[in-house]
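Listed in order, the protein sequences are those of chains Y and W.
So for the first sequence, this note's numbering puts the first residue at 152; every next one is plus one.
So for the second sequence, this note's numbering puts the first residue at 7; every next one is plus one.
Here is the structure we will look at, set down as structure tokens.
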Amino acid sequence: MTRDHRHGPDDELALRAAALEAVLVEKGLLSTDQIDAIVERYERDLGPQNGARVVARAWVDPAYRDRLRADATAAIAELGFGGFEGATMVALENTPDVHNVVVCTLCSCYPWPVLGLPPTWYKSPAYRARVVAEPRSVLREFGIELPAEARIRVWDSTSEVRYLVVPQRPAGTEGMGEEALAGLVTRDSMIGTGLARSPGA
Amino acid sequence: MGGMHGFGGVLTPGSDRVAEHPWELRVFALSTLVGIHGIGAGSGRAIREEMAPADYLAAGYYDRWLWSTERRLLRRGTIVDDDVDNWVARLRAGERVPGREDPEAARRVVDATLEASPLRPAESARFAPSDRVRVRPMRPAGHTRCPRYVRGVTGIVETLRGMDVFPDIGPYGGPDEAVYAVAFDSDDVFGPSTEGRWTIVLDLFESYLEPA
Numbered sequence: 152m153t154r155d156h157r158h159g160p161d162d163e164l165a166l167r168a169a170a171l172e173a174v175l176v177e178k179g180l181l182s183t184d185q186i187d188a189i190v191e192r193y194e195r196d197l198g199p200q201n202g203a204r205v206v207a208r209a210w211v212d213p214a215y216r217d218r219l220r221a222d223a224t225a226a227i228a229e230l231g232f233g234g235f236e237g238a239t240m241v242a243l244e245n246t247p248d249v250h251n252v253v254v255c256t257l258c259s260c261y262p263w264p265v266l267g268l269p270p271t272w273y274k275s276p277a278y279r280a281r282v283v284a285e286p287r288s289v290l291r292e293f294g295i296e297l298p299a300e301a302r303i304r305v306w307d308s309t310s311e312v313r314y315l316v317v318p319q320r321p322a323g324t325e326g327m328g329e330e331a332l333a334g335l336v337t338r339d340s341m342i343g344t345g346l347a348r349s350p351g352a
Numbered sequence: 007m008g009g010m011h012g013f014g015g016v017l018t019p020g021s022d023r024v025a026e027h028p029w030e031l032r033v034f035a036l037s038t039l040v041g042i043h044g045i046g047a048g049s050g051r052a053i054r055e056e057m058a059p060a061d062y063l064a065a066g067y068y069d070r071w072l073w074s075t076e077r078r079l080l081r082r083g084t085i086v087d088d089d090v091d092n093w094v095a096r097l098r099a100g101e102r103v104p105g106r107e108d109p110e111a112a113r114r115v116v117d118a119t120l121e122a123s124p125l126r127p128a129e130s131a132r133f134a135p136s137d138r139v140r141v142r143p144m145r146p147a148g149h150t151r152c153p154r155y156v157r158g159v160t161g162i163v164e165t166l167r168g169m170d171v172f173p174d175i176g177p178y179g180g181p182d183e184a185v186y187a188v189a190f191d192s193d194d195v196f197g198p199s200t201e202g203r204w205t206i207v208l209d210l211f212e213s214y215l216e217p218a
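Written out as structure tokens, the structure is:
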């Protein structure tokens with residue numbers, strides 16, 4: 152991707168980032184493997200695969216769904232997820248009448264334990280500016296055309312509360328197990344800019 | 007930046023990835039570690055807003071994190087002015103970033119990312135669900151979690167979220183305050199739209215609100 156109007160060319164930024172790392176390692180304040188461990192944790196261990204397990208469990212287990220509604224932080228912790236940017240979680244269930252979509256207009260707050268780090272578009276001025284002011288037009292860019300009667304609820308993450316959208320369970324998934332269902336749950340469906348995939352799609 | 011015009015489409019080539027360059031995730035890690043080890047001063051989130059607006063909009067996401075991480079370290083006195091510039095020169099001259107291993111510390115910092123302090127239960131709250139509230143007109147000089155686009159607008163309290171430190175003082179050093187999920191009708195925020203009407207929900211601190 153090319154980005155216009157950069158602060159500096161990427162090689163300059165890469166150099167400055169490396170210089171900062173060198174300063175902190177040389178001073179004995181950080182070790183290289185601490186940096187590697189954090190990168191690995193957020194690149195590999197945390198990601199939408201975690202949120203997908205929460206959603207799939209909520210689809211198949213009504214008691215879990217009720218706990219997720221009552222206290223999402225605790226219900227998500229049952230599956231082993233929590234920590235930074237997930238201290239207070241709220242689950243938002245999409246229905247035929249209500250479509251939830253999440254943004255952070257002020258920075259780019261995002262539920263790291265269940266979705267990992269946010270994609271570039273989530274952090275872009277375009278998304279942050281537009282999804283509150285023209286949500287249908289933004290959702291159309293993601294390929295979603297909602298029925299006119301569906302009420303859109305845009306959630307601006309202005310406090311430390313973090314949101315996980317529970318997409319509607321697709322038709323034709325009645326016989327599917329939890330793991331196969333989790334495979335239908337996309338990252339965007341848990342932000343609200345997508346829908347869960349249909350089986351075979 | 008809610009409601010601002012002129013940014014174009016949301017999806018651009020490559021925008022589906024979480025980072026475009028390896029250095030971005032290393033900056034994410036450096037910033038996180040500065041927080042975990044307490045070697046920086048202030049809030050990265052608040053400091054990033056000190057960037058000049060034109061620079062802020064022009065910068066990539068992790069450019070801002072790099073900028074704020076350096077400033078947190080400088081303000082704490084962990085690094086001094088020339089430290090990073092000197093290393094930039096050494097790297098340009100062909101030196102390599104020094105390496106050091108500390109596996110025990112690496113395990114500890116990953117564990118530290120699992121810590122979380124949830125909002126505390128509200129002991130006293132001025133507003134209750136279904137109350138009509140207006141966001142106070144305001145123009146705070148520094149960090150705030152009250153976006154411009156809802157100031158002066160009336161909405162309905164949906165939920166009392168709990169208590170959290172007031173972010174505008176300190177920043178993140180204010181007294182505990184109640185936080186509410188407040189729902190706004192798009193007509194009241196942006197006026198009539200060809201898209202029809204929708205709801206916008208924000209989590210707002212009690213001092214941002216007055217009875218309506």
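All residues carry an ideal CB built from backbone N, CA and C; glycine is no exception.
Taking only three categories from DSSP, how would you classify residue i?
| i | result |
| --- | --- |
| residue 180 (chain Y) | coil |
| residue 341 (chain Y) | helix |
| residue 201 (chain Y) | helix |
| residue 273 (chain Y) | helix |
| residue 324 (chain Y) | coil |
| residue 196 (chain W) | helix |
| residue 244 (chain Y) | strand |
| residue 336 (chain Y) | coil |
| residue 38 (chain W) | helix |
| residue 315 (chain Y) | strand |
| residue 162 (chain Y) | helix |
| residue 23 (chain W) | coil |
Would you kindly check if the distance between the Cβ of residue j and the Cβ of residue i is under 9 Å?
| i | j | result |
| --- | --- | --- |
| residue 321 (chain Y) | residue 348 (chain Y) | yes |
| residue 237 (chain Y) | residue 262 (chain Y) | yes |
| residue 205 (chain Y) | residue 328 (chain Y) | no |
| residue 87 (chain W) | residue 80 (chain W) | yes |
| residue 317 (chain Y) | residue 167 (chain W) | no |
| residue 375 (chain Y) | residue 352 (chain Y) | Absent from the model: residue 375 (chain Y). The displayed extent of chain Y is 152 to 352, so no value can be given. |
| residue 34 (chain W) | residue 273 (chain Y) | no |
| residue 184 (chain W) | residue 106 (chain W) | no |
| residue 124 (chain W) | residue 224 (chain Y) | yes |
| residue 188 (chain W) | residue 179 (chain W) | no |
| residue 293 (chain Y) | residue 256 (chain Y) | no |
| residue 170 (chain Y) | residue 93 (chain W) | yes |
| residue 163 (chain W) | residue 136 (chain W) | yes |
| residue 259 (chain Y) | residue 62 (chain W) | no |
| residue 36 (chain W) | residue 197 (chain Y) | no |
| residue 169 (chain W) | residue 134 (chain W) | no |
Using a Cβ-Cβ cutoff of less than 8 Å, which residues in the same chain neighbour residue i once the five nearest sequence positions on both sides are dropped?
| i | result |
| --- | --- |
| residue 301 (chain Y) | 247, 248, 249, 250 |
| residue 159 (chain W) | 140, 141, 190, 194, 195 |
| residue 153 (chain W) | 8, 208 |
| residue 297 (chain Y) | 250, 287, 290, 303 |
| residue 342 (chain Y) | 252, 253, 266, 273, 316 |
To which residues of the same chain is residue i closer than 7 Å at the C-beta, ignoring the five residues directly before and after it?
| i | result |
| --- | --- |
| residue 353 (chain Y) | Residue 353 (chain Y) lies beyond the range of chain Y shown here (152 to 352); nothing can be said about it. |
| residue 186 (chain Y) | 172 |
| residue 228 (chain W) | The structure shown has nothing for residue 228 (chain W), since chain W only spans 7 to 218. |
| residue 23 (chain W) | none |
| residue 155 (chain Y) | Confidence at residue 155 (chain Y) is low in this model, with a pLDDT of 40, below 50, so its placement is unreliable and the value that follows should be read with caution. None. |
| residue 3 (chain W) | With chain W running from 7 to 218 in the structure shown, residue 3 (chain W) is simply not present. |
| residue 115 (chain W) | 39, 42 |
| residue 232 (chain Y) | 201, 264, 265 |
| residue 48 (chain W) | 78, 81 |
| residue 206 (chain W) | 190, 192, 195 |
| residue 136 (chain Y) | Chain Y is shown only over 152 to 352; residue 136 (chain Y) falls outside these bounds and no answer can be derived. |
Spell out the partners DSSP gives residue i in its beta bridges.
| i | result |
| --- | --- |
| residue 211 (chain W) | W:185 |
| residue 217 (chain W) | W:139 |
| residue 250 (chain Y) | Y:303 |
| residue 191 (chain W) | W:205 |
Excluding the 5 residues preceding and the 5 following residue i in the sequence, name in chain order all residues of the same chain whose CB lies nearer than 6 Å to its CB.
| i | result |
| --- | --- |
| residue 25 (chain W) | 31 |
| residue 151 (chain W) | 173 |
| residue 340 (chain Y) | 318, 346, 347 |
| residue 243 (chain Y) | 251, 314, 316 |
| residue 218 (chain W) | 138, 139, 140, 160 |
Would residue i pass as an interface residue toward chain B - the criterion being a Cβ-Cβ separation below 9 Å?
| i | result |
| --- | --- |
| residue 284 (chain Y) | Considering every chain present, this structure includes no chain B. Its protein chains are Y and W. |
Compute the minimum distance between the beta carbon of residue i and the heavy atoms of the ligand NAD, and state whether it is under 8 Å.
| i | result |
| --- | --- |
| residue 214 (chain Y) | As presented, the structure is devoid of all ligands, the ligand NAD included, so that no description of it is given. |
Review point. Where in the stretch 214-241 of chain Y do unbroken runs of the alpha helix (DSSP H), each at least 4 residues long, occur, reported from the N-terminal end onward?
Key: Those alpha helix (DSSP H) runs which fall completely within the stretch 214-241 of chain Y and span 4+ residues are 223-229.
**Study point:** Entirely enclosed alpha helix (DSSP H) segments - the stretch 58-89 of chain W, minimum 4 residues
**Key:** 59-64, 67-82
Review point. Where in the stretch 110-185 of chain W do unbroken runs of the beta strand (DSSP E), each at least 3 residues long, occur, reported from the N-terminal end onward?
Key: Counting whole runs of 3 or more residues, the stretch 110-185 of chain W contains the beta strand (DSSP E) stretches 138-141, 160-171.
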